[in-house]
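In the UniProt record's numbering, the protein residues as written are 1 to 242. Below is one structure, written out as structure tokens; the observations come after it.
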Amino acid sequence: MNSEPVEVRVWAHRGASAETPENTLAAFRRAVEIGVGGIELDVQLTRDGVPVVLHDPTLERTTDGRGWVGDWTWSELRRLDAGAWFHPRFAGERIPTLAEALVAIPEEVWINIELKTTPEVYRGLEEQVVNCVRASGRRRIIYSSFDHSALERLQRIDPEARLGLLYDGFLLSPWKYARQAGLRIYSLHVRHWFAGRGLAQAARRKGLAVFAYTVNDPRRAAHLFRSGVHGVFTDNPRRVRG
Ligand code: G3P
Ligand code: MG
1 MNSEPVEVRV WAHRGASAET PENTLAAFRR AVEIGVGGIE LDVQLTRDGV PVVLHDPTLE
61 RTTDGRGWVG DWTWSELRRL DAGAWFHPRF AGERIPTLAE ALVAIPEEVW INIELKTTPE
121 VYRGLEEQVV NCVRASGRRR IIYSSFDHSA LERLQRIDPE ARLGLLYDGF LLSPWKYARQ
181 AGLRIYSLHV RHWFAGRGLA QAARRKGLAV FAYTVNDPRR AAHLFRSGVH GVFTDNPRRV
241 RG
């Protein structure tokens with residue numbers, strides 16, 4: 001399946017998170033309105049096994065709830081407000097389920113589903129996420145995770161899945177590392193400090209995309225594009241253009 005990797009130039013990081021509350025349907029709709037090629041979102045599992053879209057392992061920063069995401073059931077989490085912390089006009093925004101996000105984002109927009117598994121390890125997360133994507137019928141999906149064992153589990157469940165090797169630091173030969181780990185990867189998701197010309201060009205020769213996170217300065221983004229990266233994750237897709 002690994003043909004030419006897709007050139008999604010601008011990924012809305014957690015949706016259009018500079019102007020709407022991150023990882024909410026409002027953030028995804030705004031990103032679509034702006035016209036991004038892709039949306040990145042973070043997924044965790046509720047106590048009763050529902051994939052939900054939220055970045056932190058705890059609820060305090062972006063909702064009016066408390067404690068660990070994985071300690072609550074979906075019917076408990078769905079009552080929380082996930083918008084008012086950002087601005088009162090977003091009061092009433094909820095934590096979306098992954099299924100709701102897949103419905104809200106139009107089919108032509110790519111989605112990068114980042115599986116969050118640390119410090120909590122969510123048993124069955126990979127399977128629930130793949131089931132959810134299969135039920136949606138969506139094709140334009142890239143899965144990523146800092147937890148490469150999660151990618152390995154996901155690959156076993158869906159050998160056709162596009163996997164993004166997400167890491168933070170400098171890896172000499174990420175493709176070699178991935179091969180040794182038994183991962184058939186599609187893209188490299190790299191902190192932008194480490195996404196220079198050398199990496200971008202070597203990755204292109206290997207048929208891999210390089211997506212750099214998180215780039216909110218348009219000049220930095222332009223420099224990265226000149227260096228050959230395929231795309232950037234940005235909180236502010238209104239300013240950072242591809
Ligand atoms: O997937 C890129 C980026 O989202 C990884 O870091 O902490 O923003 O999820 P984080
Ligand atoms: Mg993320």
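Yeah, the Cβ is synthetic: ideal placement off N, Cα and C, and Gly gets one too.
- Between residue 188 and residue 164, the C-beta gap is smaller than 9 Å, which places the two residues in contact.
- Residue 56 is a Cβ neighbour of residue 69, given a cutoff of 9 Å.
- Taking 4 residues as the shortest admissible run, the segment 53–82 contains the following complete alpha helix (DSSP H) segments, listed from N- to C-terminal end: 74–77.
- Fewer than three Cβ pairs drawn from the segment 74–83 and the segment 122–140 lie within less than 8 Å of each other, which leaves the two stretches out of contact.
- Counting only heavy atoms of ligand 2, the residues whose C-beta sits closer than 5 Å to one of them are, along the chain, 42, 114.
- DSSP assignment within the segment 104–145 yields the following whole alpha helix (DSSP H) runs of 4 residues or more, N-terminal first: 125–136.
- For residue 193, no beta strand (DSSP E) run applies, since DSSP gives it neither H nor E.
- For residue 171, there is no enclosing beta strand (DSSP E), since its DSSP letter is neither H nor E.
- Apart from sequence neighbours up to five positions away, the residues of its chain that approach residue 92 with a beta-carbon distance below 7 Å are 81, 83, ordered along the chain.
- The DSSP-derived three-state label of residue 100 is helix.
- Assignment of residue 40 by DSSP, reduced to helix, strand and coil, places it in the strand class.
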